[in-house]
């Protein structure tokens, strides 16, 4: 059971948008055992679309298409599907009623001819009713290949995937079991890991594949197994990963969770009934934003003081001017004083503070570009640490967030 | 002059990562007049890679490949290139010296056989020296098609693109002019715009293409022109866009800039020598993070108070309990009081405050889910506004950030 993902739209090819739809689809398909052969992003041109349909049909059982279903002239997916399937568009009154309802409720404008055209769908398609928009999804079959066309608006696409695509695939195809699990390691480069685990790697059975995913000082090791039974594969992978502890044990930091680390931290805080606040200089609010983007954050996240300007460390967080002048603004004593300050200001149980110099220029700090100090205070411990990350601003932000979350996670989940 | 982008790695197909490399490459190529025919993401499998190479060679002048250049067993791009080019790997001493230097400086471990293998490159390739990592880029040619292979680590890939790929393309190919410009509109759905501009759209010359990009209450209209002279195309596009003002003038809100709106705001603040602070409830630090992620933010951004818990609005921002109980925490008076509070705390010239209820549950607020109040105070004006965005947390965050930036931009740039 293999699938292609085809995303249609010049905005992807010219880099105007990042194609997050493909990643969402890849993850959703993989989870139920559908192997994605390729993702192909093509132009809004009939010939390109027809060629992609035909190439996919020769190779896979399922083709998932996103984009090009809007009401305007550049949206040609539906007409091209009709041409490919030698079908024609017919009027669906229930879709028209839905479009009229959306217009009267949200758009507050009369339905025009272009909107009306969205109620026209190929006569042989099974419609996937889009309750959140005017572009319906379509499920069609040609010989042994199923084609599913979805709108490109991420929110509508996701709804149709969860509501119709995944259940439809489960009903239509007999699926193998696919299992992925990813081990996190810190502190060793990929070539050094590869050397240490070389015998283990060469002995992997053919149905289990290893990938090295290096990024910003971490290497993740992903095992992907294909077979007939999910539980058996999970067990095989667990046994294989266990065998890595004698080889690189001290560098293993657990497994990548379906849940992002900030949500794991949130859960742990909820369990302990502890609240969190952040005092941020170099991270500039990004740490707080990571926590608060998740629903339910208000049960443990109190707030943040982003003291980006040096003076605010003094005026709001009450970091003494003496400490700043003695140790400089990027220093462990200042980070610790910021953490203490935000605890006083917020009455939280835990504080995370960051101060650093991300570059490209030095700013108020004496410290080298890339120096970052993190302080964490919990009811049980106080930790401060200094890191030297390098010269690249964007990476320094990401590395600081990663480190702060890792440290906090480590202190909460023993 | 057409190009394909091929990104190699199962992590893309299973949705473990979002393929941002392809978007970066698409943008960089488009900017210099290279038309990207397709982006294709494929598995780390020899047959898939060989097939993709050959399909691309039959269709385009340039193939840009990312990924699969690491030192480990799953990295097979280099060997597959050799097979495709009927070439063999040879040892490059200068690459070895660079790898040894990186190891002694950063990894602090001896170079092993796997790292040594990264100094082996195809004998006919022109190496693109990667000063930031151990995987070199490669430039090779087969018949009339150039193949350029780049590492998948975004940071290293970007460096090689700017340093070698773009200059190399300019030297090797004669390039047409491509111009894209995107007009922003608010307040009209795409079908309504399409109806209003229908005659204009049908009269577009064949070398200029229109795309509608709807997202979260905005529709962007992109014109893409292809020709021989950049200036002529720019002028044609400007004349065409000018003709839209009589048709949908009141809904046009300028053009999408190469510069994100938060940087335009930063530039305007620098010009006026004004500083900015934010007081954030529902946006939870994300607004501050948007400003501070850009280098140079410290010249205008003072800081933020993220008063996520209701009590902090009172304790840090000095919003009176009476206002909160009279109007509820999601209200314009509270937003305004938060803005005033953060001005007092930071001495900034401008404050932006957000309070809202993003859902999924109601929290401390009486307001309907999706209600957001924004207040902005500048030395010239005070503005508060209430929005009803809908039920979806993630979208509500994005819409609030967009609105806050738009309002502030409008107040600064008259």
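Chains as they are written, first to last, in the working numbering: chain A, 9 to 422; chain B, 9 to 422.
Ideal placement from N, C-alpha and C gives every residue a C-beta, glycine not left out.
| Item | Value |
| --- | --- |
| Is it buried or exposed, residue 217 of chain A, if we count other Cβ atoms within 10 angstroms and call 16 or more buried? | buried |
| Between the stretch 382-401 of chain B and chain A, which residues of the former have a C-beta closer than 8 Å to a C-beta of the latter? | 400, 401 |
| For residue 167 of chain A, which residues in chain B fall below 8 Å Cβ to Cβ? | Here the premise fails: no neighbours, minimum Cβ distance about 10 Å. |
| Comparing C-alpha positions only, which one of B:269, B:222, B:201, B:384 sits nearest to residue 258 of chain B? | B:201 |
| Looking at the secondary structure, which residues open and close the alpha helix (DSSP H) in which residue 90 of chain A lies? | 85-93 |
| If the criterion is Cβ atoms closer than 8 Å, does the pair residue 122 of chain B and residue 80 of chain B meet it? | yes |
| Run through the DSSP bridge pairs and tell me what residue 147 of chain B is partnered with. | B:134, B:156 |
| Residues of chain B with a CB under 8 Å from the CB of residue 234 of chain A: which are they? | By Cβ distance, chain B contributes nothing, its closest Cβ being about 12 Å from residue 234 of chain A, past 8 Å. |
| Taking Cβ positions, are residue 264 of chain B and residue 228 of chain B nearer each other than 8 Å? | yes |
| Pull up the distance between the alpha-carbon of residue 109 of chain A and that of residue 120 of chain A, whole angstroms please. | 13 Å |
| So residue 403 of chain B contacts chain A; which residues on that side make the cut at Cβ distance below 9 Å? | 163 |
| Taking contact to mean at least 3 C-beta pairs separated by less than 8 Å, is the stretch 28-46 of chain A in contact with the stretch 34-54 of chain B? | yes |
| Have a look at the DSSP bridge pairing and note the partners of residue 232 of chain B. | B:188, B:217 |
| Which ranges would you report for the alpha helix (DSSP H) in the stretch 338-384 of chain B if only whole runs of at least 4 residues count? | 340-354 |
| What residue range is occupied by the uninterrupted alpha helix (DSSP H) comprising residue 65 of chain A? | 54-65 |
| Does DSSP classify residue 128 of chain B as helix, strand or coil? | strand |
| So which residues on chain B does residue 157 of chain A lean against when the C-beta distance must stay under 7 Å? | In chain order: nothing, as chain B lies at least about 17 Å away. |
| Across the stretch 325-339 of chain B and the stretch 342-356 of chain A, are there enough close Cβ pairs to call them in contact, namely three or more that are closer than 8 Å? | no |
| Taking only beta-carbon positions, decide if residue 309 of chain B is within less than 8 Å of chain A. | yes |
| Counting only Cβ pairs nearer than 8 Å, list the residues of chain A close to residue 115 of chain B. | 197, 200 |
| Closer than 9 Å between beta carbons: that is the criterion. Which residues of the stretch 69-82 of chain B meet it against chain A? | 78, 79, 80, 81, 82 |
| Give me the Cα-Cα distance between residue 26 of chain A and residue 328 of chain A, rounded to the nearest whole angstrom. | 45 Å |
| In terms of alpha-carbon separation, which member of B:405, B:397, B:359, B:308 lies closest to residue 385 of chain B? | B:359 |
| Less than 6 Å between C-beta atoms, sequence neighbours within five positions excluded: which residues of the same chain meet that for residue 64 of chain A? | 12, 71 |
| Can a CB atom of chain B be found closer than 8 Å to the CB of residue 337 of chain A? | no |
| Is the stretch 276-292 of chain A touching the stretch 242-261 of chain A in the sense that three or more CB pairs, one from each, lie closer than 8 Å? | no |
| For the pair the stretch 156-170 of chain B and the stretch 199-214 of chain B, tell me if three or more CB-CB distances fall below 8 Å. | no |
| Using a Cβ-Cβ cut-off of 6 Å (strictly less than) and excluding sequence neighbours within five positions of residue 181 of chain B, which residues of its own chain qualify? | 9 |
| Buried or exposed, going by whether 16 or more other CB atoms sit within 10 Å of the CB of residue 170 of chain B? | exposed |
| Figure out for me which residue from A:219, A:82, A:61 has the closest Cα to the Cα of residue 149 of chain A. | A:61 |
| So, is the C-beta of residue 61 of chain A closer than 8 Å to a C-beta in chain B? | no |
| Along chain A, which residues have their Cβ under 9 Å away from the Cβ of residue 368 of chain B? | 303, 304 |
| Kindly indicate the opening and closing residues of the beta strand (DSSP E) around residue 311 of chain A. | 309-314 |
| Give me the subset of the stretch 13-33 of chain A whose CB atoms are less than 9 Å from a CB atom of chain B, sorted by chain position. | 13, 15, 17, 18, 19, 20, 21, 22, 23, 24, 25, 26, 27, 28, 30, 31, 32, 33 |
| If we count the other Cβ atoms within 10 Å of its Cβ and call it buried at 16 or more, is residue 401 of chain A buried or exposed? | buried |
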